[in-house]
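Asker: Chains as they are written, first to last, in our numbering: chain E, 1 to 155; chain V, 1 to 155.
Have a look at this one.
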DNA sequence: ACGTCGGAGTTGACGTGTCAATTCCCGGAG
DNA sequence: CTCCGGGAATTGACACGTCAACTCCGACGT
């Protein structure tokens, strides 16, 4: 990897900072574009979609809260609020008492299937097709390197 | 499900989708890590920081709302709410009547300077130092390519 | 059996982002 | 001068995320 450049902890150079800003602003814009497309096409937020996806992939279209939180990688309380809102809209249903699990309703499953077609097309259009094969591969490596830095103890 | 023959609008392949998910989840995690560091070190949100940065760079530490909205790339109403909150905390001040502009207070300028040292160190640590020189360059190219796709008419 | 301990799940309060009004101000037409 | 149109800026209502309580329930030791 990058070896120690002279000073231990000095600021990024102007070029590095420019790259950083371009990178973060663009990924932000991409995220928000995808989210508003999803909203416009299917009346779902990205969070809604993440939950529907996790439940759709799950056995019996049902998961316990903790497994679901794990699958989407969220805090418990965030999930609880999210599931509450989705339950009000009829996309999911809580099973039995306190800790039985969350299940996709038929409506939720149908909504997800409809949404995912459009969503995947958008992903292809704005990400996959926007990059060359080399760039796509590089994007994967960059993500892995960033993830490694995040997971490093001092991260 | 996926037909081989239809070229134009088919779904991403499994590999492409994996890369996408890894990419988006990692950039998300990076963003949220930076944001919580900033919060812990300086009691500023990323939005606060963006506004302070734009004003700090501005002539006279002051900008009209529309110029500021432009600089940070936000909706007007989002900016208005944000400035209102920051004004309550004494970081910025609205000038005169309705549309004169927003200025950095001394407190805001000092807070920004203090925050930026720590923030830039974190950026260096989690982004610049996490990537090889080649990866950093590739990140810039990827951002440019994604930006181009976003800006394209049909985007 | 009884207590109590701890983790899972929920709730409430609050800061934040978005959308749809609404207000304010300015410049031109009558 | 007065009225009107339109853009800039603000506001309100609501969806969302986070943090800190709080509730529930089952496991364990005695």
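Even glycine gets a Cβ: it sits at the ideal position worked out from N, Cα and C.
In this text the structure is predicted, and so the values were computed from the model without any measurement.
Any idea what DSSP makes of residue 103 of chain E, helix, strand or coil?
Answerer: It is a strand residue.
Asker: Are any of the Cβ atoms in chain E nearer than 8 Å to that of residue 36 of chain V?
Answerer: With its beta carbon at least 8 Å from every one in chain E, residue 36 of chain V lies outside the interface.
Asker: With a threshold of 8 Å between beta carbons, is residue 74 of chain V in contact with chain E?
Answerer: At a cut-off of 8 Å, the C-beta of residue 74 of chain V has no neighbouring C-beta in chain E.
Asker: How would you label residue 48 of chain E, buried or exposed, when you count the other beta carbons within 10 angstroms and need 16 or more for buried?
Answerer: buried
Asker: How should residue 40 of chain E be labelled, buried or exposed, when 16 other C-beta atoms within 10 angstroms of its C-beta is the threshold for buried?
Answerer: exposed
Asker: Determine the DSSP secondary structure at residue 126 of chain E, reduced to helix, strand or coil.
Answerer: helix
Asker: I'd like to know whether the C-beta atoms of residue 104 of chain E and residue 52 of chain E end up nearer to each other than 8 Å.
Answerer: yes
Asker: Among E:34, E:155, E:65, which one has its Cα closest to the Cα of residue 127 of chain V?
Answerer: E:155
Asker: Can you give the beta carbon distance from residue 144 of chain E to residue 42 of chain E, rounded, assuming they're within the 8 Å contact cut?
Answerer: Rounded, the Cβ-Cβ distance is 31 Å, inconsistent with contact.
Asker: Helix, strand or coil for residue 152 of chain V per DSSP?
Answerer: coil
Asker: Residues of chain E with CB under 9 Å from residue 128 of chain V, in chain order?
Answerer: Neighbours of residue 128 of chain V on chain E, chain order: 2, 12, 13, 16, 17, 19, 20.
Asker: Since residue 102 of chain V contacts residue 72 of chain V with CB under 8 Å, what's their CB separation in whole angstroms?
Answerer: About 11 Å separates the two Cβ atoms, so there is no contact after all.
Asker: Please report the straight-line C-alpha distance between residue 139 of chain E and residue 96 of chain V, rounded to a whole angstrom.
Answerer: So the two alpha carbons sit approximately 48 Å from each other.
Asker: Are the C-beta atoms of residue 155 of chain V and some chain E residue less than 8 Å apart?
Answerer: yes
Asker: Under a Cβ-count criterion, where at least 16 other Cβ atoms within 10 Å of its own Cβ denotes burial, should residue 108 of chain V be classed as buried or exposed?
Answerer: Of the other Cβ atoms in all chains shown, 16 or more fall within 10 Å of the Cβ of residue 108 of chain V; this residue is therefore buried.
Asker: Listed from N- to C-terminal order along the chain, which residues in the region 108–125 of chain V have their beta-carbon within a distance smaller than 7 Å of any beta-carbon of chain E?
Answerer: 120, 121, 123, 124
Asker: Taking DSSP as the reference, what is the three-state secondary structure of residue 64 of chain V?
Answerer: coil
Asker: Please list the partners that residue 54 of chain V has in chain E, where partner means a Cβ-to-Cβ separation under 8 Å.
Answerer: Near residue 54 of chain V there are no residues of chain E at all, since even the closest Cβ is about 12 Å away, more than 8 Å.
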